[in-house]
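Enquirer: Under full-length UniProt numbering, read the sequence shown as residues 1 to 698, first letter to last.
Note that CB positions come from ideal geometry on N, CA and C, so glycine has one too.
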Amino acid sequence: MEDEDYTMGDDSIIVSTEPNGDHAPNTVVPSDIFGNSKGLMFTKHEQLPFHSPSKAPSLLQPSAQKSSPGPHRTTKSPSAWSDKMSMSRPTPVRRTSPQVRIPPKPTSSALAYATSKTGLVYDPRMRFHAELPDMNINPDDIHPEDPRRIHSIFKEIKEAGLVASSTSEEDQQDHCWRIATRYATKPEILLIHTEEHYDFLKEQAEGLDSIYFNHSTFECAKLAAGGAIEACKAVVQGHVRNAIAIIRPPGHHAETDSPSGFCIFNNVPIATRVCQKAYPETCRKVLILDWDVHHGNGIQHAFYNDPNVLYISLHVFKGGNFYPNLPDGDLNYCGEGPGEGKNVNIPWADHGMGDAEYLYAFQEVVMPIATEFDPDLVIISAGFDAAEGDLLGGCFVTPACYGHMTHMLMRLAKGKLVVCLEGGYNLRSIARSALAVTRVLMLEPPDRLHIDLPGPKDSAVHTVENVKREHSRYWKSLYPKHLDKADPGYKDTCRLHEIIREWQSQRLASEHSMVPLPPLYINKAGLTQTFSHNIIATFMDRYPLLVIFHDPPGFQDYPDPVTGKNELHNTWLTDVTKRYIDWAITNDFQVIDVNIPRIVTVEDANDGFVRADDSTVRARQTRELATYLWENYIEPNEASQVFFMGIGDAYLGLVDLLSHNGSRVECLIGFVAETTIQSIKRAADDFISTWYYEVSRL
């Protein structure tokens, strides 16, 4: 059988939870569940065979008794379960507090860490939390949190030769040391969750079956939490150098008072609290690194005001439009009270992130902060749904990258690192990724990255820089620092984009007699203050009219890496728009020049740094202003022809303007740069797209 476990010699102190060895009376007999042992073997598209809900509790409870050699029966009803029972196994070698099997001592006292073993937690009973059987189920509709997930990972690691396949001393020497799992106790679970949440789940186990809850879910969730606890304790105690816990159901979405996102109990926070309580001197500060593609809202909320737990999450955010669809995953959620600065979100703007983006974030944010925090224990909430091949995550992180990230984290906490499985729903992707991580835990160097690895995406670079800027106030290792409001000159500062636009206005007035349209006449709500000095025009006579909507001029500098201040003699301004204005006026065009600022400066924000409006917001600004100008200046004017030019995001609003107004527009010229090309539609004109194709110049 593929899930087979082998005892590690005569020093075992706990009966194995696996059907093997000489402890058959206290093991799960596969034939009692599936009819034959082949039920635990899966093909690529096969669904886990379903067990009878009425039998599951007795199989999960060691105290269950058989009444005959035939089908498994229990003399205990589900209502008779208790946490005490789940902790009391009828065996003469029982200890009051379950420990790992006594591991062999390091083979070299001079290299104690290097010659210790990597621990591994795996218990096939966690696979009993499964969908209910459906005779008409489509293989493509199997719930993504599939019991085969942990089986696939364990099988991959075992077939790679990292788990012992016999009881011989030589065969055990270079393999993972199996850590016996157990049920988390109620007091341990209540270190994170409310008693109401615990009781609710227990009631579900005794009553209802559903796609998320069946009779085995409660026990499986306790096993997953118990497995995380035992892995962390084994590492903190020094029994193993590091560990990987192949557990399910996952935990990082579970709130203190409710399950969420396939998660029942929040395994990693429970293990964190247990270790902090049990080992206050050696496990005070804990780093939780969450590389699951989804934000771990449950972990963040559990430690949001805790100064001794640093939570760092790399996840797809998409402006809050990706599960769990909460604003809490944004980069400005940094913790509160004593825990301020101890919550670090790295929220990707979109899917498609891969090795380059994750390694860039690790090198720029994760490792500097983690090194400065100097934890006593590192726990990875290791969801593998950002792996290449996982359709739910939509990212492209390779097994080699997971290995490199693990390798970097092993530099912390004297190597005390525990990897706990979270999400990941492509069976091949999670198996290959987990194997790469396990190899690194066993001191194998990570595989080389792809030879043609590109640089990180622009959006990822912006995200990382914004995270660094946000957290530079909390961490000495991050630069540049925030604008200091305590600086005596702070009240005398103003934003440079306003100064530059005022200078542009004065220069165009001097060279071409262009004048700003007085704010008095731009009296639409919300536009007056924003566009003061940003609309400059010649006096409009009967000549061709060129209306230019553009982004602010380019600005390049070399800021001081410590203070963030610029040296003016090493600062360049690029104003390409001026060239078009000069050409137009030289060729007898009238001109309206409109600068679309990157932010609507109604009032200054509390912080010095203000994020620019996104392209959709700026396109809306362009559309509103263009409509106002059309109705109040362009249409009443007798210009012989009208030409629109859009540069950057401002181009989007112009296309929308043409979709809603009949006009004398002769041509639309667009310099879209990094902006998405916009389509044009008009309900009353079937030929607008043909016209647009003919007159636009992009």
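Please work out which residues of its chain come closer than 6 Å, Cβ to Cβ, to F42, disregarding the five sequence neighbours upstream and downstream, and give them in chain order.
Expert: If you number the sequence shown from 1, residue 42 lands on position 42. With a pLDDT of 36 at F42, under the threshold of 50, the modelled position of that residue is not reliable, and the figure given next carries that caveat. Cβ within range, chain order: R148.
Enquirer: Whose C-alpha, out of Q276, V121, P516, is nearest the C-alpha of S223?
Expert: Counting from one through the sequence shown, the residue named residue 223 turns up at place 223. The question names Ser, yet the displayed sequence has Leu at residue 223. L223 has its Cα closest to that of V121, out of Q276, V121, P516.
Enquirer: Can you give me the start and stop residues for the alpha helix (DSSP H) that P636 sits inside?
Expert: Taking the first residue of the sequence shown as 1, we reach residue 636 at position 636. It is not in any alpha helix (DSSP H) - P636 carries neither H nor E in the DSSP assignment.
Enquirer: For a minimum of 4 consecutive residues, which ranges assigned as the alpha helix (DSSP H) are wholly contained in the region 395-468?
Expert: Complete alpha helix (DSSP H) runs here, min 4: 399-409, 427-441.
Enquirer: Please classify D374: is it buried, with 16 or more other beta-carbons within 10 angstroms of its beta-carbon, or exposed?
Expert: Sequence index remark: in the sequence shown, residue 374 carries index 374 (1-based). When all chains shown are included, D374 counts as exposed.
Enquirer: Given that a residue counts as buried once 16 or more other Cβ atoms are within 10 Å of its Cβ, and exposed if not, what is V235?
Expert: Translated into positions along the sequence shown, residue 235 becomes position 235. Counting Cβ neighbours within 10 Å, V235 comes out buried, since at least 16 surround it.
Enquirer: Does DSSP put G564 in a helix, a strand or coil?
Expert: Taking the sequence shown and counting its residues from 1, the one referred to as residue 564 is at position 564. The answer is coil: DSSP assigns G564 none of H, G, I, E or B.
Enquirer: Quick one: residues in its chain with C-beta nearer than 7 Å to the C-beta of N570, no 5 flanking neighbours on either side, listed in chain order?
Expert: Within the sequence shown, numbered from 1, the residue matching residue 570 stands at position 570. So the qualifying residues of the chain are D557, Y558.
Enquirer: Quick one: give me the first and last residue of the beta strand (DSSP E) that F373 is part of.
Expert: Reading the sequence shown from its first residue, position 373 is the one you call residue 373. Looking at the DSSP string, F373 is not in any beta strand (DSSP E); the run it does join, the alpha helix (DSSP H), is 367-373.
Enquirer: Is R501 helix, strand or coil by DSSP?
Expert: Along the sequence shown, read from residue 1 onward, the residue named residue 501 stands at position 501. Looking at R501 - three-state DSSP - the assignment turns out to be helix.
Enquirer: Excluding five sequence neighbours on each side, which residues of the same chain lie with their C-beta closer than 7 Å to the C-beta of M135?
Expert: Start at 1 with the first residue of the sequence shown, and residue 135 comes out as number 135. Per-residue confidence for M135 stands at a pLDDT of 41, beneath the threshold of 50, marking its modelled position as unreliable; no derived number is given.
Enquirer: Given a threshold of 16 other Cβ atoms within 10 Å of its Cβ, counted over all protein chains shown, does H51 qualify as buried or as exposed?
Expert: Position 51 of the sequence shown, counted from the first residue, corresponds to residue 51. Low per-residue confidence applies at H51: pLDDT is 35, beneath 50, and the placement is therefore not dependable, though the value from the model is reported in the following sentence. Answer is buried; the Cβ neighbour count reaches 16.
Enquirer: Would you tell me roughly how many angstroms separate the C-alpha atoms of K233 and F317, rounded to the nearest one?
Expert: Locating residue 233 in the sequence shown gives position 233, where the first residue counts as 1. Locating residue 317 in the sequence shown gives position 317, where the first residue counts as 1. Each residue's Cα considered, the two are about 33 Å apart.
Enquirer: For L191, which of helix, strand or coil comes out of DSSP?
Expert: Here residue 191 corresponds to residue number 191 of the sequence shown, with the count starting at 1. L191 falls in the coil class under three-state DSSP.
Enquirer: Let's see if you can read the secondary structure: which residues bound the alpha helix (DSSP H) around Y358?
Expert: As a working mapping, residue 358 is identified with position 358 in the sequence shown. Segment 355-361, the alpha helix (DSSP H) holding Y358.
Enquirer: Identify every residue that forms a DSSP beta bridge with E347.
Expert: For this step, residue 347 is matched to residue 347 along the sequence shown. It should be noted that the sequence gives Pro, not Glu, for residue 347. P347 is bridged to H315.
Enquirer: Keeping to the same chain, check which residues put their C-beta closer than 6 Å to that of Y402; ignore five residues upstream and five downstream.
Expert: For this step, residue 402 is matched to residue 402 along the sequence shown. Only S433, A436, V437 meet the Cβ criterion.
Enquirer: D582 by DSSP, collapsed to three states: which one?
Expert: If you number the sequence shown from 1, residue 582 lands on position 582. If DSSP states are grouped into helix, strand and coil, D582 belongs with the helices.
Enquirer: Where does the unbroken alpha helix (DSSP H) through S116 begin, and where does it stop?
Expert: Along the sequence shown, read from residue 1 onward, the residue named residue 116 stands at position 116. Neither: S116 is in no alpha helix (DSSP H) and is coded neither H nor E.
Enquirer: Put G337 into one of helix, strand or coil per three-state DSSP.
Expert: Position 337 of the sequence shown, counting from 1, holds the residue named residue 337. Three-state result, G337: helix.
Enquirer: If I measure Cβ to Cβ from N534 and keep anything under 7 Å in the same chain, skipping five residues before and after, which residues do I get?
Expert: Taking the first residue of the sequence shown as position 1, residue 534 is located at position 534. Only R501, V594, N595, P597 meet the Cβ criterion.
Enquirer: Identify every run of the alpha helix (DSSP H) within the region 228-281, keeping only runs that are complete inside it and at least 4 residues long; order them along the chain.
Expert: Within the region 228-281, the complete alpha helix (DSSP H) runs of at least 4 residues are 267-278.
Enquirer: Between which two residues does the beta strand (DSSP E) carrying N308 extend?
Expert: Working through the sequence shown from its first residue, we reach residue 308 at position 308. That residue, N308, is in no beta strand (DSSP E); it is neither H nor E in DSSP.
Enquirer: Can you tell me which of P249, Y279, R273, C275 puts its alpha carbon nearest to the alpha carbon of F265?
Expert: Sequence index remark: in the sequence shown, residue 265 carries index 265 (1-based). Considering only alpha carbons, the answer is P249.
Enquirer: If I follow the unbroken beta strand (DSSP E) through F154, where does it start and stop?
Expert: Within the sequence shown, the letter at position 154 stands for residue 154. Counting along the chain, F154 falls outside any beta strand (DSSP E), though it belongs to the alpha helix (DSSP H) covering 148-159.
Enquirer: I believe T406 touches L441 by the beta-carbon criterion, under 8 Å. Please report the beta-carbon distance rounded to the nearest angstrom.
Expert: Your numbering for residue 406 matches position 406 in the sequence shown. Your numbering for residue 441 matches position 441 in the sequence shown. Yes, T406 and L441 are in contact; Cβ-Cβ is about 7 Å, under 8 Å.
Enquirer: Can the beta-carbon of V419 be found less than 8 Å from the beta-carbon of Y358?
Expert: Residue numbering aside, residue 419 sits at position 419 when the sequence shown is read from its first letter. Residue numbering aside, residue 358 sits at position 358 when the sequence shown is read from its first letter. Not closer than 8 Å, so no.
Enquirer: Kindly indicate which three-state DSSP category F643 falls into: helix, strand or coil?
Expert: Working through the sequence shown from its first residue, we reach residue 643 at position 643. Three-state DSSP puts F643 in a strand.
Enquirer: In angstroms, rounded to a whole number, what distance separates the CA positions of M408 and K414?
Expert: Taking the first residue of the sequence shown as 1, we reach residue 408 at position 408. Taking the first residue of the sequence shown as 1, we reach residue 414 at position 414. Going from the Cα of M408 to the Cα of K414 covers about 12 Å.
Enquirer: My understanding is that H294 touches G423, with C-beta atoms under 8 Å, so please give their C-beta distance in whole angstroms.
Expert: Position 294 of the sequence shown holds residue 294. Position 423 of the sequence shown holds residue 423. With a Cβ gap of about 6 Å, H294 and G423 count as contacting.
Enquirer: Spatial neighbours of L508 within its chain, please: CB distance less than 6 Å, with the 5 preceding and 5 following residues excluded, ordered by chain position.
Expert: Here residue 508 refers to the residue found at position 508 of the sequence shown. Excluding residues within five positions, the ones whose Cβ falls inside 6 Å are M514, I536.
Enquirer: Sort out for me which residues DSSP pairs A590 with in a bridge.
Expert: In the sequence shown, counting from the first residue as 1, residue 590 sits at position 590. According to the sequence as given, residue 590 is Gln; it is not Ala. Partner(s): L545.
Enquirer: Secondary structure at T217, three-state DSSP: helix, strand or coil?
Expert: As a first step, residue 217 is located in the sequence shown; it is residue number 217 there, counting from the start. Helix at T217.
Enquirer: Mind checking V467: buried by the 16 CB within 10 Å criterion, or exposed?
Expert: Numbered from its first residue, the sequence shown carries residue 467 at position 467. Classification of V467: buried, given that the 10 Å Cβ count is 16 or more.
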